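Participant: Its first residue numbered 23, the sequence shown is counted upward by one per residue in this note's numbering.
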Amino acid sequence: PLDGRERIYGFRKTNYVPLYIIVGFDTKNALREWQQRLWQVSAGYLLLLILIVVMLCKHLDVLAQREKMRLLSITDPLTGVANRRQLMLVGELEILRAIRYKKRVSVLMVDIDHFKQINDTWGHSTGDRVLQFLANAMILNFRVTDVVGRLGGEEFAVVMPETDAENAAVSANRLRDLIENPVNVEPDIGSQVCFTVSIGIASLEDGNTSFEEILGRADRALYNAED
């Protein structure tokens, strides 16, 4: 009442002496230490939260870099489909799975006819766009479960799980028809580029033990198709 400051009062009776002690603590000063500790704890938690967020962002960056490196290691840089190493690995795994569970699997070999002539006539940049067009057409033509890959040059292959030779031929003919329609590949000079593909098909047979065996039969079928 003298200075107008709010206080917290405590009462206590002393022992052996007829005396009451009344103590009044200034509310602002009494809570100052508690408030300081509250701010310190809050600042500590905030700093910890910032550190967690920073570490999480760094961890996500590392995961993104690892995923990018993984994709680079399994993807053909020009066409975006599986590279030869990844295709051989997936093909081998699919063959082993098909043999173990007695499933069907087929392999297609796809080759651009007279690709060297395309490069010689329109240039290598146009040849690259032809490869990219074929890769995109194959991705759109085949199922999500099928694995499209580039073996090298103008040769591609497709691993088709749960597919017999008859159904593989249907997909192959559909791809061939799609390519033989007017193709929108613009060369550096001249008119639009038109090209065709040859396709060899091979399916898992009794006695096959590896993906390379089936790929070899598909390669021979491709050679006969080109003839």
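Ideal placement from N, C-alpha and C gives every residue a C-beta, glycine not left out.
Predicted, not measured: the structure shown is a model, and the values here were computed from it.
1. Could I get the ranges of all uninterrupted alpha helix (DSSP H) runs contained in the region 96–158, with 4 residues as the minimum, in chain order?
2. From which residue to which residue does the alpha helix (DSSP H) around residue 215 run?
3. Throw me the rounded Cβ distance for the residue 219 and residue 198 pair, which I believe falls under 8 Å.
4. Can you find at least 3 beta carbon pairs, one from the region 77–91 and one from the region 139–149, that sit closer than 8 Å?
5. Might you give, ordered along the chain, the residues of its own chain that have their beta carbon closer than 7 Å to the beta carbon of residue 102, omitting 5 neighbours on each side?
6. Here's the rule: buried if 16 or more other CB atoms are within 10 angstroms of the residue's CB, otherwise exposed. What is residue 151?
7. Return the chain-ordered list of same chain residues with a C-beta closer than 8 Å to the C-beta of residue 52, the five sequence neighbours on each side being excluded.
8. Could you check whether residue 240 and residue 11 sit closer than 9 Å to each other, using their CB atoms as the reference points?
9. Identify the continuous alpha helix (DSSP H) that holds residue 200 and give its terminal residues.
Facilitator: Let's see:
1. 106–123 and 137–144
2. As a working note, residue 215 is residue 193 in the sequence shown. Note, residue 215: premise wrong, no alpha helix (DSSP H); not H, not E.
3. Reading the sequence shown from its first residue, position 197 is the one you call residue 219. Reading the sequence shown from its first residue, position 176 is the one you call residue 198. At roughly 6 Å, the Cβ-Cβ gap stays under 8 Å, so residue 219 and residue 198 are in contact.
4. no
5. The residue given as residue 102 occupies position 80 in the sequence shown. Closer than 7 Å at the Cβ level, and outside the excluded window around residue 102, lie 157.
6. One-based indexing of the sequence shown puts residue 151 at position 129. By the 10 Å Cβ count, residue 151 comes out buried.
7. Walking along the sequence shown from the start, residue 52 turns up at place 30. For residue 52, same chain residues with a beta-carbon under 8 Å away, outside a window of 5 residues either side, are 30 in chain order.
8. In the structure as shown, the chain starts at 23 and stops at 249, and residue 11 therefore has no counterpart that could be examined.
9. Start at 1 with the first residue of the sequence shown, and residue 200 comes out as number 178. 187–202 is the span of the alpha helix (DSSP H), which, as asked, contains residue 200.
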